[in-house]
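In the working numbering, the protein residues as written are 12 to 540.
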Amino acid sequence: SYFDTDGYREHSAAKKVLSNAKLTWDLDDGSKVNWIVNHVDINADDPQGLTRVQWKANPKQQVPFLKQFDVRKEINQTQTGLTWSKPINDQHEIYGMVYAGHREVTQYQSIPKGVASPDLGLDDNGNPQPSTSQMNPRHAGGVIDFRRDYYGTDLRWTGKDLLPNTRLTAGLAFDYMDENRQGYENFDANNQFGVKGNLRRDEKNTLWNLDPYLQASWSFLPNWTLDTGLRYSNVHYESKDAYFKAAEYSADQDNGDDSGKTDYDKVLPSAALTWKINDQLNAYASYAKGFETPTFTEMAYSKNDGMNFDLKPATSDNYELGLKSQNQLGNFTAAIFQSNTQDDIVSAGTENGRATYRNADKTLRKGLELSWNKNLWRDLTAQASYSFIDATFDAFVAEIENPQNSSQPKAAAIQSGNYIPGVAKNQAFVALAWQPETGFNAGLDVRYIDKLYVDDINSDAAPSYTLTSANVGYVWKNADWKVRTFARVDNLFDEDYVGSIIVNDGNGRFFEPADGVNWSAGLSLTKAF
């Protein structure tokens, strides 16, 4: 597929080229092999966020002084994977999966050059003022450039009825990732911005995990099933800093050696109980221990601009109760849930396109989800869904001081009970579609998104909005060939809304306005062989 747009806003053009292939073999011994490969190239300009005043004045604009930085991002990624499953006999089956990929990202940010330390004079105690922005020898520059390789495997065995009415699974998952990350100044010797300048960061980061796991499913009564699982998750990070260089203006000051490593591990149990009330209604209750380690991106920057090895993994206790029904009134699901998280990984502020992260002592998410769909008549179908999520900080979080200017915190204190930014409390969707296998098709859908708080202190919010969209199309089929045409109109009533927000933006430019009424059309061609 190929996608190319000039964008709704100034400096928001984007291009995406995506290729996918899948092959499946059914072998004579009963085993099955799937092979998948895909490649994507993305080039996107970034208009960045607007303040509320700027958004209301002109939602299409880019902040004028940001234009000099030519903020943009280039991504290319290739990945492939192979799965193999083989039944040995009626009781034993083995499964294997391997994957590998390569990813390259170059991102130009709007970080100013700044001022060198001697130009700032002395502070109240007679000490030299710290350098600002990229003149700080600890700063990693205004251009992110990294190459990442990753691969892994998952091997497991499944045994059926080795014990009465029981299914057992044992497996081992291995994942490995290495990254060469560089940072460059986003200006040259002529003080032209938006170009790759001198090297400011050079490191090799590695991550790997080796997780054994066990699963069991036991139908202990005719209509009752207990599913349990146990996984030992262990993740290992290491960073080797190959760049520490004396600053030009201070021979005895360099940017420090940011090498380091850390390990995370946790035993993760889970259990789910299912009751088949009758042929049309099931009920279930589940519990699972969650474990989320920081990503390379979340660890990339700390308050001192080096790797953030102070980040802890988030752990959570997750509970859910639900019903699933299928009858003449349609298919219906309902679930209530609660997630208690310790050391949740949350934003520590975003400034000039660079995001940092910290841990919140406790967060709480609770809510419900409802969904329904039904075939109304012939090829006319309807579906609807609703979700409510109350996501809050469940304990006070202290502010983080800004090493560049201690009078202004890098991340403000968060009061217990504040809503987690970027999470909509209410969402709803309803759609009606005429969808035959071939011939003419059409549909209408309406989506509602509640307001989104923009920061941890809940100082402002992107307002709620409702979008209506319509589509038509036609499908031809002839033997192994299938041709599908479609046309779609989004935001049918031209609503002025914010499509996304930049959480905790340090410059107050939280809002990224979305397009008004817009249309698209396309064609796809498929052949099976």
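By construction, the Cβ of each residue, glycine as well, lies at the ideal position given by its N, Cα and C atoms. Keep in mind it's a predicted model, so treat the numbers as computed, not measured.
Cut-off 7 Å between Cβ atoms - residues of its own chain near residue i, not counting five sequence neighbours on either side
{"i": "residue 533", "result": "497"}
{"i": "residue 255", "result": "265, 266, 267, 268"}
{"i": "residue 513", "result": "60, 361, 520, 521, 523"}
Boundaries (first-last residue) of the beta strand (DSSP E) holding residue i
{"i": "residue 226", "result": "210-232"}
{"i": "residue 63", "result": "It is not in any beta strand (DSSP E) - residue 63 instead sits in the alpha helix (DSSP H) that spans 63-68."}
{"i": "residue 448", "result": "Where residue 448 is concerned, there is no enclosing beta strand (DSSP E), given that its DSSP letter is neither H nor E."}
{"i": "residue 191", "result": "177-195"}
{"i": "residue 319", "result": "Where residue 319 is concerned, there is no enclosing beta strand (DSSP E), given that its DSSP letter is neither H nor E."}
{"i": "residue 427", "result": "Taken as a continuous stretch (DSSP letters only), residue 427 belongs to no beta strand (DSSP E), as it is neither H nor E."}
{"i": "residue 337", "result": "325-338"}
{"i": "residue 16", "result": "13-16"}
{"i": "residue 531", "result": "529-538"}
{"i": "residue 42", "result": "Per DSSP, residue 42 belongs to no beta strand (DSSP E) and is neither H nor E."}
Length of the line joining the Cα atoms of residue i and residue j
{"i": "residue 387", "j": "residue 449", "result": "18 Å"}
{"i": "residue 262", "j": "residue 325", "result": "At residue 262, the pLDDT of 44 sits below 50, so the modelled position is not reliable; the number obtained from the coordinates is stated separately. Between residue 262 and residue 325, the C-alpha separation is close to 41 Å."}
{"i": "residue 284", "j": "residue 332", "result": "10 Å"}
{"i": "residue 312", "j": "residue 71", "result": "31 Å"}
{"i": "residue 252", "j": "residue 221", "result": "25 Å"}
{"i": "residue 531", "j": "residue 501", "result": "8 Å"}
{"i": "residue 434", "j": "residue 492", "result": "43 Å"}
{"i": "residue 522", "j": "residue 456", "result": "25 Å"}
{"i": "residue 416", "j": "residue 160", "result": "With a pLDDT of only 49 at residue 416, under 50, the local geometry of the prediction cannot be trusted, and no value is derived from it."}
{"i": "residue 23", "j": "residue 57", "result": "6 Å"}
{"i": "residue 428", "j": "residue 65", "result": "30 Å"}
{"i": "residue 360", "j": "residue 367", "result": "6 Å"}
{"i": "residue 394", "j": "residue 141", "result": "58 Å"}
{"i": "residue 420", "j": "residue 247", "result": "Note that residue 420 scores a pLDDT of 49, beneath 50, so its modelled location is shaky; the value from the coordinates is reported in the next line. When rounded, the distance between both Cα atoms is 31 Å."}
{"i": "residue 236", "j": "residue 385", "result": "28 Å"}
{"i": "residue 478", "j": "residue 454", "result": "14 Å"}
{"i": "residue 69", "j": "residue 525", "result": "12 Å"}
{"i": "residue 409", "j": "residue 310", "result": "20 Å"}
{"i": "residue 274", "j": "residue 127", "result": "37 Å"}
{"i": "residue 109", "j": "residue 91", "result": "9 Å"}
Collapsed DSSP secondary structure at residue i in the structure displayed
{"i": "residue 379", "result": "strand"}
{"i": "residue 270", "result": "coil"}
{"i": "residue 541", "result": "Any answer about residue 541 is impossible in this case: the structure gives the chain only from 12 up to 540."}
{"i": "residue 291", "result": "coil"}
{"i": "residue 309", "result": "helix"}
{"i": "residue 123", "result": "coil"}
{"i": "residue 260", "result": "Per-residue confidence for residue 260 stands at a pLDDT of 46, beneath the threshold of 50, marking its modelled position as unreliable; the derived number appears in the next sentence. Coil, per DSSP."}
{"i": "residue 146", "result": "helix"}
{"i": "residue 75", "result": "helix"}
{"i": "residue 474", "result": "coil"}
{"i": "residue 80", "result": "helix"}
{"i": "residue 130", "result": "helix"}
{"i": "residue 466", "result": "coil"}
{"i": "residue 165", "result": "strand"}
{"i": "residue 37", "result": "strand"}
{"i": "residue 58", "result": "coil"}
{"i": "residue 22", "result": "coil"}
{"i": "residue 102", "result": "coil"}
{"i": "residue 486", "result": "strand"}
{"i": "residue 171", "result": "strand"}
{"i": "residue 284", "result": "strand"}
{"i": "residue 491", "result": "coil"}
Contact set for residue i: own chain, Cβ-Cβ below 6 Å, skip 5 residues either direction
{"i": "residue 89", "result": "50, 113"}
{"i": "residue 8", "result": "Outside the shown range of the chain, which is 12 to 540, sits residue 8, and nothing can be said about it."}
{"i": "residue 330", "result": "298, 349"}
{"i": "residue 96", "result": "43, 106"}
{"i": "residue 40", "result": "none"}
{"i": "residue 177", "result": "229"}
{"i": "residue 98", "result": "41, 104"}
{"i": "residue 6", "result": "This structure cannot speak to residue 6, because the chain is shown only from 12 to 540."}
{"i": "residue 537", "result": "493"}
{"i": "residue 296", "result": "284, 332"}
{"i": "residue 468", "result": "423"}
{"i": "residue 52", "result": "28, 87"}
{"i": "residue 535", "result": "495"}
{"i": "residue 277", "result": "244, 302"}
{"i": "residue 13", "result": "28"}
Close Cβ partners of residue i (< 8 Å) along its chain, the five nearest in sequence each way excluded
{"i": "residue 353", "result": "325, 326, 327, 372, 373"}
{"i": "residue 484", "result": "451, 452, 453, 495, 496, 497, 498"}
{"i": "residue 418", "result": "The pLDDT assigned to residue 418 is 42, lower than 50, so where the model puts this residue is not dependable; a value taken from the coordinates is nonetheless given after this. Answer for residue 418: no residue qualifies."}
{"i": "residue 528", "result": "500, 501, 502, 503, 504, 505"}
Please determine if the segment 205-214 and the segment 147-160 are in contact, where contact requires at least 3 C-beta pairs separated by less than 8 Å. Between the segment 205-214 and the segment 147-160, the count of C-beta pairs closer than 8 Å reaches three or more; the two stretches touch.
If you pair each beta-carbon of the segment 178-193 with each one of the segment 156-169, do three or more pairs fall below 8 Å? Taking 8 Å as the limit for Cβ pairs, the verdict is that the segment 156-169 does touch the segment 178-193.
Check whether the segment 116-125 and the segment 78-88 touch, using three or more Cβ-Cβ pairs below 8 Å as the test. Touching, per the Cβ criterion.
Would the segment 370-388 and the segment 341-361 be scored as touching if the rule is three or more Cβ pairs under 8 Å? With a cut-off of 8 Å on Cβ pairs, the segment 370-388 is in contact with the segment 341-361, counting three or more such pairs.
Does the contact criterion of 3 or more C-beta pairs under 8 Å hold for the segment 192-202 versus the segment 212-220? Counting C-beta pairs with one atom in each stretch, the segment 192-202 and the segment 212-220 have three or more that are closer than 8 Å, which means they touch.
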